[in-house]
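Note that numbering that gives the first Met the number 0 has the sequence shown beginning at 0, numbered continuously upward. See below for the structure under consideration.
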Amino acid sequence: MKILILNGPNLNMLGLREPEIYGDKTLDDVKGLCIEKAQELGHSIDFRQSNHEGELVDWIQAARGQFDGVVINAAAYTHTSVAIHDALKMLDIPIIEVHISDPKTREGFRHTSYIEPLASQVIAGKGVDGYLQALEILSEL
Ligand code: CA2
Numbered sequence: 000m001k002i003l004i005l006n007g008p009n010l011n012m013l014g015l016r017e018p019e020i021y022g023d024k025t026l027d028d029v030k031g032l033c034i035e036k037a038q039e040l041g042h043s044i045d046f047r048q049s050n051h052e053g054e055l056v057d058w059i060q061a062a063r064g065q066f067d068g069v070v071i072n073a074a075a076y077t078h079t080s081v082a083i084h085d086a087l088k089m090l091d092i093p094i095i096e097v098h099i100s101d102p103k104t105r106e107g108f109r110h111t112s113y114i115e116p117l118a119s120q121v122i123a124g125k126g127v128d129g130y131l132q133a134l135e136i137l138s139e140l
């Protein structure tokens, strides 16, 4: 399988701030762990991060016909972006939504996800292991 892993705004700061919420691994560490897990499962991954909603939308549109599955941690755009929802809706491949923390146990404004209705599965509150679990779930789908 060819899997696209997308990360939204501020996740480039992972491991540098708020370790009590997001842990101490950097996004580069997470990328490395995902590459290892994908090799183990016999998949290839394309791991990306953007702080820009439109860039994420462009990447999702371009994924049509190019990938067999998407893992997405849209970060704050999870709770706000109809544009990302609409772009994901055009994909006909499985989508796994990942969050390092569990947004449903945090502030009220994090309780709504515009991605959840489109996701085959949501993994939240498992730390960065959630990304690895998402790759395993995609293998099984
Ligand atoms: O728990 C998650 O993975 C989130 O998607 C992270 C988002 C947050 O807006 C979502 O509600 C839940 C925030 C990503 C910001 O990441 C930072 C990492 C380190 C320091 C500051 C921000």
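The beta-carbon is built from N, C-alpha and C at its ideal position, and this holds for glycine as well.
Beta-bridge pairing of residue i - partner residues as DSSP gives them
{"i": "G68", "result": "I2"}
{"i": "F46", "result": "I4"}
{"i": "V121", "result": "E96"}
Same chain, Cβ closer than 8 Å to residue i, five either side skipped, listed in chain order
{"i": "K88", "result": "L117"}
{"i": "H98", "result": "N72, T77, V121, I122, A123, G124 and G129"}
Neighbourhood of residue i by C-beta distance below 7 Å, restricted to the same chain and skipping five residues each side
{"i": "M148", "result": "The shown model of the chain, from 0 to 140, leaves out residue 148, and the question about it has no answer."}
{"i": "S80", "result": "E52, A73 and Y113"}
Rounded separation between residue i and residue j - CA only
{"i": "E54", "j": "Q48", "result": "9 Å"}
{"i": "I59", "j": "I44", "result": "14 Å"}
{"i": "A86", "j": "R63", "result": "10 Å"}
{"i": "E35", "j": "E19", "result": "25 Å"}
{"i": "P102", "j": "E115", "result": "12 Å"}
Residue j beta carbon less than 8 Å from that of residue i
{"i": "E96", "j": "I71", "result": "yes"}
{"i": "K1", "j": "D91", "result": "no"}
{"i": "A74", "j": "N6", "result": "yes"}
{"i": "A37", "j": "L134", "result": "yes"}
{"i": "F46", "j": "I4", "result": "yes"}
{"i": "S138", "j": "L32", "result": "no"}
{"i": "S119", "j": "Y21", "result": "no"}
Same chain, Cβ closer than 6 Å to residue i, five either side skipped, listed in chain order
{"i": "H84", "result": "Y113"}
{"i": "N50", "result": "P8"}
{"i": "D23", "result": "G14"}
| query | Can we say the segment 124–139 touches the segment 24–38, given the rule of at least three CB pairs closer than 8 Å? | reply | Output reads yes: the segment 24–38 touches the segment 124–139.
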